[in-house]
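Here's the structure we're looking at; comments come further down.
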Amino acid sequence: PPEEELLAKMRKSTRYGVRKAAREGVEVVEPEDFEGAWETFYDWMEDTVERKSGFAIRRPRGYLHDMMRAMRDAGQGHLFLAVHEGTPLAGVFVFTLGEKYWFMHGASSTEKRSYNPNHLLQWEVMRWARRRGIRYYDMVGIPKPEDRNEDDPYYGVYRFKIGFGGEVTDFLGCLDLPIKNTRAEAWYRFEPAYYRLYYKLKGNVFY
């Protein structure tokens with residue numbers, strides 16, 4: 001659809017955020033210096049997760065760097081930054097495949113948050129994708145339907161994402177089929193404590 005139609009589908013507050021950021025002089029770029037931009041982005045990710053949940057990023061630094069770098073080198077991963085007068089304020093890493101792209105990681109600085117850099121960042125990435133002939137944008141995770149209320153810690157993320165006027169699609173989650181019920185029940189009871197210990201020892205919950 002035309003850009004005007006996409007803007008019209010947004011919530012009024014989201015559309016205001018996009019336009020305010022543009023008025024304030026925020027710009028969105030895909031930096032040529034990936035390594036420098038990635039270091040800034042990763043630091044934001046750590047700070048963001050600390051502010052939101054009190055835990056460090058669960059995937060190791062090296063893993064995230066190599067994954068994003070490999071996707072970028074393959075022409076499928078793109079790191080965008082929202083910048084104001086030379087100062088980076090927010091970033092998003094997206095993954096493209098065919099006519100679709102996905103919001104993989106996002107983070108922001110605490111500086112100049114009133115400028116709404118994240119709103120313009122998402123909008124400019126949408127425009128970028130549209131110019132490339134990409135038709136669908138999957139903003140990925142939001143809380144389950146029963147958790148979409150202000151008590152959920154990710155309610156703010158939910159509000160931000162739906163503000164862009166997209167369609168909410170709920171998928172069936174992962175299911176387990178226990179073969180030996182007694183062992184499965186024992187594992188389910190022990191699993192939370194195991195991951196807490198593993199995280200304490202290793203700094204992440206991935207093997």
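If you're matching positions, the sequence shown starts at 1 in the working numbering and goes up one per residue.
Idealized CB from N, CA, C, for every residue including glycine.
What you are looking at is a predicted structure, and each value in this text was computed from that prediction instead of being measured.
field: Closest by C-alpha distance to TYR101, when choosing among GLY91, ARG135, MET68 and SER114
entry: Numbered from 1 along the sequence shown, position 101 holds the residue referred to as residue 101. Ranking GLY91, ARG135, MET68 and SER114 by Cα distance to TYR101 puts ARG135 first.
message: Assuming contact is defined by CB atoms lying nearer than 8 Å, are ALA208 and LEU120 in contact in what I supplied?
response: Residue 208 lies beyond the range of the chain shown here (1 to 207); nothing can be said about it.
- request: Would you tell me roughly how many angstroms separate the C-alpha atoms of GLY17 and GLN122, rounded to the nearest one?
  value: In the sequence shown, residue 17 corresponds to position 17, counting from 1. In the sequence shown, residue 122 corresponds to position 122, counting from 1. Their Cα atoms are separated by approximately 11 Å.
task: Would you grab the beta carbon distance between ALA186 and PRO178 for me? Rounded to a whole angstrom, and I think it's under 8 Å.
output: Position 186 of the sequence shown, counting from 1, holds the residue named residue 186. Position 178 of the sequence shown, counting from 1, holds the residue named residue 178. Cβ-Cβ separation between ALA186 and PRO178: approximately 11 Å, too far for a contact (criterion under 8 Å).
- request: Count the other C-beta atoms from every protein chain shown that fall within 10 angstroms of the C-beta of ILE29, then say buried if there are 16 or more, exposed otherwise.
  value: If you number the sequence shown from 1, residue 29 lands on position 29. It should be pointed out that residue 29 corresponds to Val in this sequence rather than to Ile. Exposed: under 16 other Cβ atoms inside 10 Å.
task: Would you mind sorting PRO1 into buried or exposed? The rule is 16 or more other CB atoms within 10 Å of its CB.
output: Position 1 of the sequence shown, counted from the start, is the residue given in the question as residue 1. It counts as exposed.
task: Take the Cβ of THR210 as the centre, count every other Cβ of all protein chains shown within 10 Å, and call the residue buried at 16 or more, exposed below.
output: In this structure the chain extends from 1 to 207, so residue 210 is not present and cannot be described.
field: Which of helix, strand or coil DSSP assigns to TYR101
entry: Indexing the sequence shown from 1 puts residue 101 at position 101. Three-state DSSP puts TYR101 in a strand.
message: Extract the residue ranges of the beta strand (DSSP E) inside the segment 56 to 88, only unbroken runs of 3 or more that lie entirely within it.
response: Fully enclosed beta strand (DSSP E) runs of 3 or longer: 77 to 84.
- prompt: With burial defined as no fewer than 16 other Cβ atoms inside 10 Å of the residue's Cβ, what is the status of LEU81: buried or exposed?
  reply: Residue 81 sits at position 81 when you count from the first residue of the sequence shown. Counting the other CB atoms within 10 Å of its CB gives LEU81 a total of 16 or more, which places it among the buried residues.
field: Opening and closing residue of the beta strand (DSSP E) in which GLU150 lies
entry: Working through the sequence shown from its first residue, we reach residue 150 at position 150. Element bounds for GLU150: n/a, residue is neither H nor E.
query: For ASP116 versus LYS20, is the C-beta spacing smaller than 8 Å?
result: If you number the sequence shown from 1, residue 116 lands on position 116. If you number the sequence shown from 1, residue 20 lands on position 20. What sits at residue 116 in the sequence shown is Asn, not Asp. Yes; because the gap between Cβ atoms is below 8 Å, this pair is in contact.
query: Span of the alpha helix (DSSP H) holding TYR115?
result: To locate residue 115, count along the sequence shown from 1; it is residue 115. Annotation: TYR115 is outside any alpha helix (DSSP H) and is labelled neither H nor E by DSSP.
message: Within 8 Å, do at least three Cβ pairs link the segment 151 to 167 to the segment 1 to 10?
response: Touching, yes, given that three or more Cβ pairs across the two stretches are closer than 8 Å.
- prompt: Who does GLU27 pair with in a DSSP beta bridge?
  reply: If you number the sequence shown from 1, residue 27 lands on position 27. When beta bridges are read from the DSSP output, GLU27 appears opposite VAL83.
query: How many whole angstroms separate the CB atoms of GLY270 and PHE93, which I take to be in contact at a CB cut-off of 8 Å?
result: Residue 270 lies beyond the residue range present for the chain, which begins at 1 and ends at 207; the question has no answer from this structure.
Own chain partners of GLY54 with C-beta closer than 6 Å, once the 5 adjacent residues on each side are dropped: The sequence position of residue 54 within the sequence shown is 54, counting from 1. Confidence at GLY54 is low in this model, with a pLDDT of 49, below 50, so its placement is unreliable and no value can be given for it.
query: Can you tell which of GLU191, TYR198, GLY106 and MET126 has the C-alpha that lies nearest to the C-alpha of THR286?
result: Because the chain spans 1 through 207 in this model, residue 286 falls outside it and cannot be assessed.
- prompt: If you draw a straight line from the C-alpha of VAL168 to the C-alpha of TYR188, how long is it?
  reply: Along the sequence shown, one-based indexing puts residue 168 at 168. Along the sequence shown, one-based indexing puts residue 188 at 188. Using only the alpha carbons, I get a separation of about 31 Å.
Buried/exposed call for TYR137, threshold 16 Cβ in 10 Å: Residue numbering aside, residue 137 sits at position 137 when the sequence shown is read from its first letter. With 16 or more neighbouring CB atoms inside 10 Å of its own CB, TYR137 falls in the buried class.
query: Within this structure, are the beta carbons of LEU79 and MET67 separated by less than 8 Å?
result: Here the question's residue 79 lines up with position 79 in the sequence shown. Here the question's residue 67 lines up with position 67 in the sequence shown. No, these two residues do not count as a Cβ contact at 8 Å.
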